[in-house]
Amino acid sequence: MELWQVPLSFSRLRMFPFFDLAHYVASVLALKEQRGVVEVSIRSPLACWFSAMLYCFGGSVLSLLMLGEPPVAFLAKTINILLASSVWYLVFYCPEDIFCRCFSFLPLRLLVAGMKEVTRTWKITDGIAHADTVYKDAFLIMVAVGWARGAGGGLISNFEQLVRGVWKPETNELLQMSYPVKVTLIGAVLFTLQRRQYLPIAKHNLVFLYTIFLVVFKVKMILTRCSTSPLAPLEAAVGQMFFGSRKTPSKVKGESATSSNGSSVCDQPSEQHHEGAKKKQAKKTE
Amino acid sequence: MELWQVPLSFSRLRMFPFFDLAHYVASVLALKEQRGVVEVSIRSPLACWFSAMLYCFGGSVLSLLMLGEPPVAFLAKTINILLASSVWYLVFYCPEDIFCRCFSFLPLRLLVAGMKEVTRTWKITDGIAHADTVYKDAFLIMVAVGWARGAGGGLISNFEQLVRGVWKPETNELLQMSYPVKVTLIGAVLFTLQRRQYLPIAKHNLVFLYTIFLVVFKVKMILTRCSTSPLAPLEAAVGQMFFGSRKTPSKVKGESATSSNGSSVCDQPSEQHHEGAKKKQAKKTE
Amino acid sequence: MELWQVPLSFSRLRMFPFFDLAHYVASVLALKEQRGVVEVSIRSPLACWFSAMLYCFGGSVLSLLMLGEPPVAFLAKTINILLASSVWYLVFYCPEDIFCRCFSFLPLRLLVAGMKEVTRTWKITDGIAHADTVYKDAFLIMVAVGWARGAGGGLISNFEQLVRGVWKPETNELLQMSYPVKVTLIGAVLFTLQRRQYLPIAKHNLVFLYTIFLVVFKVKMILTRCSTSPLAPLEAAVGQMFFGSRKTPSKVKGESATSSNGSSVCDQPSEQHHEGAKKKQAKKTE
Numbered sequence: 000m001e002l003w004q005v006p007l008s009f010s011r012l013r014m015f016p017f018f019d020l021a022h023y024v025a026s027v028l029a030l031k032e033q034r035g036v037v038e039v040s041i042r043s044p045l046a047c048w049f050s051a052m053l054y055c056f057g058g059s060v061l062s063l064l065m066l067g068e069p070p071v072a073f074l075a076k077t078i079n080i081l082l083a084s085s086v087w088y089l090v091f092y093c094p095e096d097i098f099c100r101c102f103s104f105l106p107l108r109l110l111v112a113g114m115k116e117v118t119r120t121w122k123i124t125d126g127i128a129h130a131d132t133v134y135k136d137a138f139l140i141m142v143a144v145g146w147a148r149g150a151g152g153g154l155i156s157n158f159e160q161l162v163r164g165v166w167k168p169e170t171n172e173l174l175q176m177s178y179p180v181k182v183t184l185i186g187a188v189l190f191t192l193q194r195r196q197y198l199p200i201a202k203h204n205l206v207f208l209y210t211i212f213l214v215v216f217k218v219k220m221i222l223t224r225c226s227t228s229p230l231a232p233l234e235a236a237v238g239q240m241f242f243g244s245r246k247t248p249s250k251v252k253g254e255s256a257t258s259s260n261g262s263s264v265c266d267q268p269s270e271q272h273h274e275g276a277k278k279k280q281a282k283k284t285e
Numbered sequence: 000m001e002l003w004q005v006p007l008s009f010s011r012l013r014m015f016p017f018f019d020l021a022h023y024v025a026s027v028l029a030l031k032e033q034r035g036v037v038e039v040s041i042r043s044p045l046a047c048w049f050s051a052m053l054y055c056f057g058g059s060v061l062s063l064l065m066l067g068e069p070p071v072a073f074l075a076k077t078i079n080i081l082l083a084s085s086v087w088y089l090v091f092y093c094p095e096d097i098f099c100r101c102f103s104f105l106p107l108r109l110l111v112a113g114m115k116e117v118t119r120t121w122k123i124t125d126g127i128a129h130a131d132t133v134y135k136d137a138f139l140i141m142v143a144v145g146w147a148r149g150a151g152g153g154l155i156s157n158f159e160q161l162v163r164g165v166w167k168p169e170t171n172e173l174l175q176m177s178y179p180v181k182v183t184l185i186g187a188v189l190f191t192l193q194r195r196q197y198l199p200i201a202k203h204n205l206v207f208l209y210t211i212f213l214v215v216f217k218v219k220m221i222l223t224r225c226s227t228s229p230l231a232p233l234e235a236a237v238g239q240m241f242f243g244s245r246k247t248p249s250k251v252k253g254e255s256a257t258s259s260n261g262s263s264v265c266d267q268p269s270e271q272h273h274e275g276a277k278k279k280q281a282k283k284t285e
Numbered sequence: 000m001e002l003w004q005v006p007l008s009f010s011r012l013r014m015f016p017f018f019d020l021a022h023y024v025a026s027v028l029a030l031k032e033q034r035g036v037v038e039v040s041i042r043s044p045l046a047c048w049f050s051a052m053l054y055c056f057g058g059s060v061l062s063l064l065m066l067g068e069p070p071v072a073f074l075a076k077t078i079n080i081l082l083a084s085s086v087w088y089l090v091f092y093c094p095e096d097i098f099c100r101c102f103s104f105l106p107l108r109l110l111v112a113g114m115k116e117v118t119r120t121w122k123i124t125d126g127i128a129h130a131d132t133v134y135k136d137a138f139l140i141m142v143a144v145g146w147a148r149g150a151g152g153g154l155i156s157n158f159e160q161l162v163r164g165v166w167k168p169e170t171n172e173l174l175q176m177s178y179p180v181k182v183t184l185i186g187a188v189l190f191t192l193q194r195r196q197y198l199p200i201a202k203h204n205l206v207f208l209y210t211i212f213l214v215v216f217k218v219k220m221i222l223t224r225c226s227t228s229p230l231a232p233l234e235a236a237v238g239q240m241f242f243g244s245r246k247t248p249s250k251v252k253g254e255s256a257t258s259s260n261g262s263s264v265c266d267q268p269s270e271q272h273h274e275g276a277k278k279k280q281a282k283k284t285e
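See the structure below:
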């Protein structure tokens, strides 16, 4: 295989079973880091399982709902459900927490996180292709479904929390978009433009470049333990150009400055940092 | 054209683009009057945009959901979305708020409000026709879908508010129906009865009379700055006859009495008055 | 008819109209026992009616939603809606509350409660059959739809409460499963296994035995005024075996012990007891 064939081969990669498995592991571990989940896993394994399924298959459920298809359809892929359920069981009920401890080993954590980001690209393109078969040439629907498919777990987080008895109406992923949700939206726009042939790039090259971008920044975020969004300058520019918002960019800049300089602030992994910020805000509004 | 032909010609009026545009303007301006929306528009333009789309297309979304069709289908009408998005942009981000100031000019405000009420009739009949093609002769489904299509923005207001981070579970449009929601319900019942040929009136005449009713009372409400519902006596009679409620009518009467006499109470437009009442109630329950 | 033919004849029993009627009566009476419903019935008969319909047809609505079919389809069975609406009217607006007083007569109450439990079996098997026609051989979907159809009113209780202006996010039927929801889940699993021919029992025999189980324990619960779940030992065993939870079984045992010994605790009917427990928990978290 020559070098220029790498993107093409990469774009033919199959997600099942290894990449899917990494997605389930990363998702369920992220769920376990949420406050109060361990108590829920003891009180009601069923609610915990359902929450875990929404973390793993939230994108499918949301995109099925949006396209008017049965939201239970995700349960039809029995093998995937069994895989995800096994991961859920091992994460929450493994004796002496062996499974979780394994995945706190940094190289393994990086591998899983990287592989999870690869599945994101595949989900976005799947969602866009699905929407395109249902609605021919409806640009906005393609973007919306691609976005929902790739970032579903985040977008339905309010209702996922409700399953666990948590309700935080004062925030949601539209009001305070997290980095994965933002980058998925950009990806959905890019892949839709590519599909409608507005971008002078072959699909497999875009898949390759976008995935490299996702993986590199995810790994960087874990290694530096900082949630500095690489999109902050772009957001600031767009915000200033279209919405005349002087507040937003300065705030974003300030945040990123703190994140990259103040190492005392950045001494925790990005998910916890993000979650911590949410908690603080929740407290303030309560 | 002779006089007796007016209703027929009127019923052939096309909503696109001018009446639709008036509906978008009136809806987005109503959204901007809600508490906290301007802050949301600065913090997260996307959440604000989504909220505005729910204000403009809430009826479509709700009726599509009720009929098991893809709720994203409303995004397929690209032209309408572009129109509504332009209105949203101008209302929220226009330099020096020129757009909003224009529409605080009373004659223009009356025109837009009147045209918006015209679209209501069209939506109700569209919804009923749509339901009739899916479920032959299901009276209740026709009423429900016609109502949802005409008053959708109100009926889903709890979830529209959730997009903006606001959650008021203690009230909803079923518990405290506002005048537009009530009058749309009556319209949905009348048009369904007409369609099933229980009413001795031609469709175009009913369309004409109902729209005149809607527009006249809307204009009167804006001019008198009072939210006196013309339906209060009807409600009182029905409440007393069927539900033996002596409380409800007296309360409604009292409210309408205050509204028509106490000019100090009625010194704000109806939407704000209604919103103010909601806020008071929200405070009480908090 | 000989004795061995009883299950077969029983399984051919038609639910309409008498068993359906009993289901509506029991459901609407259970709704009226909820805190604050009587005030809602005075303030907004429409919200009260919609709440009652969700109590009566919640299972249909939820299973239709899950299978991507129009959730309003339940309104198409006009006769059933009229029956349920008549029951709702009589329960809430009957002069001097005659209707409710009749059904506080114990033998009548037992009859209605028993007949309601019979409809549960029919709903579970209907739901499973429906799911099987849409998704061939998808075990989990059959269980999920059967469960949703049989216990729908409970599973959507958070959203049913929202109609009445009540919001209790800290609890739901997945976090704290009530006995009817649990037993319906077990039934859905059993009937799905039977349908997939993993159980060495004919369908009519399983229907007969499961219904007998439901009715006997329901009657026992009403007579002893205790909500001791006959499933507690099973739960404890499963909890200890799979989820290593020493807390859960001890708590369940403790609860059942209190229920069977301490007669002072058990002096109220099971629904009220359950509701009372929920209220306490709600207070704690508020």
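Sequences listed follow chains Y, C and R, in order.
Positions 0 to 285 (numbering that gives the first Met the number 0) are the ones given, in order, by the first sequence.
Positions 0 to 285 (numbering that gives the first Met the number 0) are the ones given, in order, by the second sequence.
Positions 0 to 285 (numbering that gives the first Met the number 0) are the ones given, in order, by the third sequence.
Just so it is clear, CB atoms sit at the ideal spot from N, CA and C, and this is done for glycine as well.
It should be emphasised that the depicted structure is a prediction, and the values quoted were computed from it without experimental measurement.
Beta-carbon neighbours of residue i, restricted to chain Y and to distances below 8 Å
i	result
Tyr92(C)	Phe241, Phe242, Gly243
Where the alpha helix (DSSP H) containing residue i begins and where it ends
i	result
Val39(Y)	36-42
Gln160(R)	156-162
Tyr178(R)	178-194
Arg13(Y)	Neither: Arg13(Y) is in no alpha helix (DSSP H) and is coded neither H nor E.
Glu84(Y)	Glu is not the amino acid found at residue 84(Y); the sequence shown has Ser there. Here the alpha helix (DSSP H) through Ser84(Y) covers 77-92.
Val27(R)	17-31
7 Å Cβ cut-off: residues of chain Y touching residue i
i	result
Ala143(R)	Val71, Leu74
8 Å CB neighbourhood of residue i in its chain, flanking five on each side removed
i	result
Thr191(Y)	Ile127, Phe138, Met141, Val142, Gly145
Lys250(Y)	The pLDDT assigned to Lys250(Y) is 41, lower than 50, so where the model puts this residue is not dependable, and the model offers no usable value.
His129(Y)	Ser62, Leu66, Val144, Arg148
Leu205(R)	Leu189, Phe190, Gln193, Leu198
Cys101(C)	Leu107
Option nearest residue i by Cα separation, candidates the options
i	options	result
Asp136(C)	Phe91(C), Arg195(C), Ile97(C), Val117(C)	Arg195(C)
Ile41(R)	Val5(R), Phe91(R), Ile78(R), Leu74(R)	Phe91(R)
Phe56(C)	Arg34(C), Phe17(C), Tyr23(C)	Tyr23(C)
Pro229(Y)	Ile155(Y), Asp19(Y), Lys181(Y), Ala21(Y)	Lys181(Y)
Leu222(R)	Pro16(R), Leu74(R), Leu107(R), Thr132(R)	Leu107(R)
Leu174(C)	Ser10(R), Gly35(R), Leu12(R)	Gly35(R)
Thr124(Y)	Met240(Y), Asn157(Y), Gly58(Y)	Gly58(Y)
Val237(Y)	Leu213(Y), Lys217(Y), Met220(Y), Ile185(Y)	Ile185(Y)
Ala44(R)	Val214(C), Met176(C), Val111(C)	Per the sequence presented here, residue 44(R) reads as Pro, with Ala not at that position. When each option's Cα is compared against that of Pro44(R), the closest is Met176(C).
Met52(R)	Gly164(R), Leu82(R), Thr132(R), Leu109(R)	Leu82(R)
Nonlocal neighbours in the same chain, by C-beta distance under 6 Å from residue i, ignoring five residues either side
i	result
Val162(Y)	Ala46, Phe49, Ser50
Pro6(R)	His203, Asn204, Phe207
Gln4(C)	none
Thr247(Y)	Below a pLDDT of 50, predicted positions are generally treated as unreliable, and Thr247(Y), at 41, falls in that range; the measurement from the model is reported next regardless. Correct list, in chain order: Gly238.
Tyr178(C)	Ser228
Gly261(C)	Note that Gly261(C) scores a pLDDT of 35, beneath 50, so its modelled location is shaky and nothing firm can be said.
Lys122(C)	Gly58, Arg148, Gly149
Phe9(Y)	Phe207
Under 9 Å from the C-beta of residue i: neighbouring residues of chain Y
i	result
Leu174(R)	Val39, Arg42, Ser43, Leu45, Ala46, Val162, Arg163, Gly164
Amino acids of chain R, ordered along the chain, whose beta-carbon sits closer than 8 Å to that of residue i
i	result
Leu66(C)	Pro69, Val71
Same chain only: Cβ atoms within 7 Å of residue i, ignoring 5 sequence neighbours per side
i	result
Ser259(C)	Per-residue confidence for Ser259(C) stands at a pLDDT of 36, beneath the threshold of 50, marking its modelled position as unreliable; no derived number is given.
Phe18(C)	Met114, Val117, Thr118
Phe15(Y)	none
Gly153(C)	Glu172, Ser177, Pro179, Val180
Cross-chain neighbours of residue i in chain R, by beta carbon under 9 Å
i	result
Leu139(C)	Val71, Leu74, Ala75, Thr77, Ile80
Tyr134(C)	Pro69, Val71, Ala72, Leu74, Ala75
Under 7 Å by beta carbon: chain C residues contacting residue i
i	result
Phe49(R)	Leu173
Within chain C, partners of residue i - CB distance below 9 Å
i	result
Glu169(Y)	Gly164, Val165, Trp166
8 Å contact criterion, which residue i and residue j should meet: CB distance rounded
i	j	result
Leu25(C)	Val111(C)	Note that residue 25(C) is Ala in the sequence shown here, rather than Leu. Ala25(C) to Val111(C), Cβ: 5 Å. Contact.
Glu159(Y)	Tyr54(Y)	7 Å
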